[in-house]
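Single-structure report; data block below.
Residue numbers (my numbering): 184 to 380.
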């Protein structure tokens with residue numbers, strides 16, 4: 184599954200960049216996140232409880248930032264574990280561009296999930312990922328000093344390979360906006376990546 188999106192946030196790009204790098208803003212923005220610790224300028228550790236269909240689990244994961252070009256872009260790489268519920272790992276690219284007094288945030292994510300989460304079905308996973316991303320961006324926009332995103336578009340694109348694979352590992356590409364949010368194991372990793380983006 185590939186996930187890309189674009190959100191317009193009613194705050195200047197510099198403020199959005201600072202908020203993406205503020206662990207407290209991110210913790211409050213990421214659905215289910217109860218812990219987010221900045222380990223260094225380029226690494227964060229997070230914990231979140233994620234419910235997806237019949238699966239509810241606590242995920243712990245790490246996210247690292249690379250290719251930093253403040254306040255314009257960065258790449259997030261992360262992985263998370265949710266015990267028997269499964270795991271998630273992936274990468275997200277986040278771009279910020281000024282739009283008058285607002286900021287357009289664009290993201291694209293590529294991730295893999297495994298375990299019980301991967302057995303739930305692509306439609307359920309896609310829907311949950313989109314809802315979590317929308318929830319994250321609405322909260323983040325409010326905390327970053329703007330209102331709920333004025334414009335938002337997200338698209339999910341499944342590759343034939345991912346659509347045919349239901350047992351072991353399902354590739355998932357999701358939004359990175361977590362800074363830095365992203366989203367840890369399974370939908371949790373997707374959310375952490377999305378948040379950090």
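For every residue, glycine included, the Cβ atom is placed at its ideal position computed from N, Cα and C.
These numbers come from a predicted model, not from an experiment.
Cβ-based burial, residue i [other Cβ within 10 Å; buried from 16]
{"i": "residue 223", "result": "exposed"}
{"i": "residue 265", "result": "buried"}
{"i": "residue 283", "result": "exposed"}
Own chain residues within Cβ distance below 8 angstroms of residue i, not counting five before or after
{"i": "residue 267", "result": "240, 298, 299"}
Proximal residues to residue i (C-beta, below 7 angstroms), its chain only, five neighbours per side dropped
{"i": "residue 200", "result": "253, 254, 279"}
{"i": "residue 228", "result": "220, 222, 245"}
Residue i, enclosing beta strand (DSSP E) - first and last residue
{"i": "residue 284", "result": "First-last for residue 284: undefined, no H or E at that position."}
{"i": "residue 140", "result": "As displayed, the chain neither begins before 184 nor continues past 380, which places residue 140 out of reach and without an answer."}
{"i": "residue 229", "result": "226-235"}
{"i": "residue 300", "result": "Where residue 300 is concerned, there is no enclosing beta strand (DSSP E), given that its DSSP letter is neither H nor E."}
{"i": "residue 202", "result": "Per DSSP, residue 202 belongs to no beta strand (DSSP E); it is in the alpha helix (DSSP H), 196-203."}
{"i": "residue 193", "result": "First-last for residue 193: undefined, no H or E at that position."}
{"i": "residue 244", "result": "238-252"}
6 angstroms Cβ shell around residue i - same chain, five flanking residues per side excluded
{"i": "residue 247", "result": "225, 226, 260"}
{"i": "residue 323", "result": "212"}
{"i": "residue 318", "result": "214"}
{"i": "residue 249", "result": "258"}
{"i": "residue 218", "result": "230"}
{"i": "residue 197", "result": "254"}
{"i": "residue 202", "result": "208, 327"}
{"i": "residue 232", "result": "215, 241"}
{"i": "residue 251", "result": "257"}
Reference residue i, options the options, closest by Cα
{"i": "residue 230", "options": "203, 192, 263", "result": "263"}
{"i": "residue 186", "options": "274, 283, 327", "result": "274"}
{"i": "residue 157", "options": "251, 243, 293", "result": "Nothing can be reported for residue 157, as the shown portion of the chain is limited to 184 through 380."}
Alpha helix (DSSP H) segment containing residue i, residue limits
{"i": "residue 206", "result": "206-212"}
**OP:** State whether the segment 279-289 contacts the segment 254-268, with contact taken as three or more CB pairs (one from each stretch) at a distance under 8 angstroms.
**Re:** yes
Original post:
Just checking, does the segment 206-213 make contact with the segment 284-295 on the three C-beta pairs under 8 angstroms criterion?
Top reply: no
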